[in-house]
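Novice: So that we are looking at the same thing, I have put the structure below in structure tokens.
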Amino acid sequence: MADVQPLEAIRYAPDVDLARVVCPPFDTIAPKEQRRLYDHSPHNAVRLELPKEKGDPYKAAAKTLSQWLDKGTLVRDETPAFYAYQQEFAHGGESYRRRLLFGRLRLEPWDSGTVLPHERTFRAPKEDRLKLLHSLRLNTSPIFLVYPDSQQQVAPLVARAAGVEPTVQFSDEDGFAHSLWRIHEPNVIAAISHRLQKEKLYVADGHHRYETALAYSEERQAGDGRESFVLVALAAADDPGLLVLPIHRLVDVDLPVEKVLKLLDTLFEVESRPSLADLLRDMADRGRMVNSFGLVAADSPDFHLLTLLDPEAAEPYLPSERSPTWRRLDAAIATNVILRHTLGLNNVQLEDIRTVWYGEDAERAVAEVRQGRARYAVLLNPISPQRVMAIADGGERMPPKSTFFYPKIPTGLLFHPLFGP
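The numbering of the sequence shown is the working numbering, which starts it at 17 and goes up by one.
Dropping the structure here:
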């Protein structure tokens, strides 16, 4: 049973321009972007989320937090509240609006079935986040969760809260509009908490942060109970603004395109398309019924459409212990059939960011190939939130880099303290 409660948030003071101080979550901030955010504002949340590595970055972040609290740059709510949050954004020529609810969730192990993951995690990011959590005793970024809300009992309450004047409103550098509403009425808080108890929660983004928070909670069993909770942002699975983008694979491997296409031809129908737009359109059309991919090679001007007409032919290259649903995932086939079997990559190469890296923008992926930074781009179709939940319900985790819930939730809207006032 999910225990979602209001929180005594720490937020930027009303006179701080949030457009200048919010930042992306740590795992999407490249070094160049980190430097830009540092220069953008002396109060940018990157100084807490991803402090610079000069000296001890974790102690530096803790010192920054203390100074901002002392100077009133950050202020703490006097009473607990939920927060409704709305993002309005554009992608691919379409406009979207996504609504979420900020609260704090009581941490439970994965095997309790309260919160379900869909991707596996890696050791290094969790070690980094745990060191930061020890220093700050503060959740800087939320775990992004999705809940089914099949009875439409939660989302209407969030929508109702978003029907009045926002507590905070701003637009960011990308032109996305952000609005935040503080929900403090006791009856509404009680209704939201009660209705969320019936929901199963699925991690959309933040697997590393969740496991880090759980490890910290287990370390601090003698604490005052605050450590048993983590900051979350929840979205209904049928929210029309819940956009999941594909994550494309970029590969730098010394293999001639003629050989690659010959190997692919034994498993896929391989066709050429005149443009990226034609390729993506036909990928999407084919992808409704079968596994379909795009391939762009540095040695060829063509855009190659790959269609797996016989899934059984791919079975020898997929993990036999996985379920049929898992083995039909585009990400599973891309990793095991295209990257491992066709391009000949091993586990070490697959985890080496100089050999394989990722991006959600197909045009940018093609540009990296055309400009010689990558030898191949393997393009994927997006996956639906419902299929992500189905994999999680089956107790399985998808291959790494299978989903990109767009856009990321900014860091700095509010923070969740694990220490007393």
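Backbone N, C-alpha and C define an ideal beta-carbon position, used for all residues, glycine too.
What residue does the beta strand (DSSP E) around R27 start on, and which one ends it?
Specialist: Here the beta strand (DSSP E) through R27 covers I26 to Y28.
Novice: Looking at the unbroken beta strand (DSSP E) that takes in G375, where does it start and where does it end?
Specialist: V372 to G375 is the extent of the beta strand (DSSP E) around G375.
Novice: Alpha carbons only, please: which of T341, E143, E201 and V353 is nearest the one belonging to H309?
Specialist: For the sequence presented, residue 309 should be read as Phe rather than His. The residue with the shortest Cα to Cα distance from F309 is V353.
Novice: Let me know if A106 comes out buried or exposed under the rule of 16 or more other beta-carbons within 10 Å of its beta-carbon.
Specialist: Classification of A106: exposed, given that the 10 Å Cβ count is below 16.
Novice: So who's on the other strand from H264, going by DSSP bridges?
Specialist: Answer is G375, bridged to H264.
Novice: Could you check the C-alpha separation between Y232 and R27 for me, to the nearest Å?
Specialist: For Y232 and R27, the distance between alpha carbons rounds to 23 Å.
Novice: Among S291, A293, E328 and S339, which one has its Cα closest to the Cα of G410?
Specialist: If we check each option's Cα against that of G410, S339 comes out closest.
Novice: Run through DSSP, which three-state label would G303 get?
Specialist: The answer is helix: DSSP assigns G303 an H, G or I state.
Novice: Run through the region 71-107 for me and flag every whole alpha helix (DSSP H) of 4 or more residues, listed as ranges in chain order.
Specialist: Runs found: 73-87.
Novice: Enumerated in chain order, which unbroken segments of the alpha helix (DSSP H) with a length of 4 residues or greater are wholly contained in the region 266-329?
Specialist: DSSP runs (the alpha helix (DSSP H)) wholly in the region 266-329: 273-280 and 292-303.
Novice: Please return the same chain residues whose Cβ sits closer than 7 Å to the Cβ of L152, not counting the five positions on each side in sequence.
Specialist: Counting only Cβ-Cβ distances below 7 Å, and skipping sequence neighbours, we find L64, A77, A78 and L81.
Novice: So what does DSSP say about M17, is it helix, strand or coil?
Specialist: Three-state result, M17: coil.
Novice: Taking the C-alpha atoms as reference points, what is the distance between S187 and P40?
Specialist: Going from the Cα of S187 to the Cα of P40 covers about 15 Å.
Novice: What residue range does the beta strand (DSSP E) around R338 cover?
Specialist: That residue, R338, is in no beta strand (DSSP E); it is neither H nor E in DSSP.
Novice: How about H223 and L396: are their beta carbons less than 8 Å apart?
Specialist: Their beta carbons are not under 8 Å apart, which means H223 does not touch L396 by this criterion.
Novice: Taking the alpha-carbon of R386 as reference, which of L292, P327 and E376 has the nearest alpha-carbon?
Specialist: Minimum Cα distance to R386 is reached at L292.
Novice: Can you list, in chain order, the residues of its chain whose CB lies under 6 Å from that of D268, leaving out five sequence neighbours each side?
Specialist: Here the set comprises T371, A390 and R391.
Novice: Can you tell me where the beta strand (DSSP E) with R120 in it begins and where it stops?
Specialist: Where R120 is concerned, the enclosing beta strand (DSSP E) stretches over E110 to R122.
Novice: Is DSSP giving V131 helix, strand or coil here?
Specialist: If DSSP states are grouped into helix, strand and coil, V131 belongs with the strands.
Novice: State the start and end residues of the unbroken beta strand (DSSP E) segment that holds Q402.
Specialist: No beta strand (DSSP E) holds Q402; the alpha helix (DSSP H) holding it covers P401 to D409.
Novice: From P376 to S400, what distance separates their C-alpha atoms?
Specialist: One point to set straight first is that residue 376 is Glu, not Pro, in the sequence displayed. Their backbone Cα atoms lie some 15 Å apart in a straight line.
Novice: Identify, in the order they occur along the chain, each residue of the same chain with its Cβ nearer than 7 Å to the Cβ of L66, setting aside the five sequence neighbours on each side.
Specialist: Correct list, in chain order: F42, I45 and Q50.
Novice: Starting from I369, trace the beta strand (DSSP E) in both directions and tell me its first and last residue.
Specialist: Where I369 is concerned, there is no enclosing beta strand (DSSP E), given that its DSSP letter is neither H nor E.
Novice: Identify whether R176 lies in helix, strand or coil by the three-state DSSP scheme.
Specialist: It is helical.
Novice: Would you report the Cα separation of A393 and L345, rounded to the nearest angstrom?
Specialist: Going from the Cα of A393 to the Cα of L345 covers about 18 Å.
Novice: Please name the residue or residues paired with V32 in a DSSP beta bridge.
Specialist: BP columns for V32 are empty, so no partner.
Novice: Tell me whether the beta-carbon of H200 lies closer than 8 Å to the beta-carbon of A97.
Specialist: Cβ distance < 8 Å, so H200 and A97 count as in contact.
Novice: Mind the definition here: the region 407-421 touches the region 142-152 only if three or more C-beta pairs lie below 8 Å; say whether that holds.
Specialist: Result no; under three Cβ-Cβ pairs closer than 8 Å.
Novice: Would you please state the rounded distance, in angstroms, between the beta carbons of L121 and A18? I believe it to be under 8 Å.
Specialist: Yes, L121 and A18 are in contact; Cβ-Cβ is about 7 Å, under 8 Å.
Novice: Taking a contact to mean a Cβ-Cβ separation below 8 Å, would you say T228 touches L322 in this structure?
Specialist: Cβ distance not < 8 Å, so T228 and L322 don't count as in contact.
Novice: Hey, how far is the Cα of W84 from the Cα of L90?
Specialist: Distance between the alpha carbons of W84 and L90: 6 Å.
Novice: By Cβ distance below 6 Å, which residues in the same chain neighbour S195 in space, the five residues on each side in sequence not counted?
Specialist: Once the five neighbours on either side are set aside, the close Cβ partners of S195 are Q102, P182 and Q185.
Novice: Take R136 as the anchor and find which of P437, R413, L430 and H432 has the nearest alpha-carbon.
Specialist: That would be R413, whose Cα lies nearest to the Cα of R136.
Novice: In the DSSP assignment, the alpha helix (DSSP H) including I199 goes from what residue to what residue?
Specialist: Per DSSP, I199 belongs to no alpha helix (DSSP H); it is in the beta strand (DSSP E), A193 to I199.
Novice: Strictly by DSSP, which residues pair up with H432?
Specialist: According to DSSP, which records beta bridges pairwise, H432 is partnered with N155.
Novice: In three-state DSSP terms, what is Q50?
Specialist: Reduced to three states, the DSSP call for Q50 is helix.
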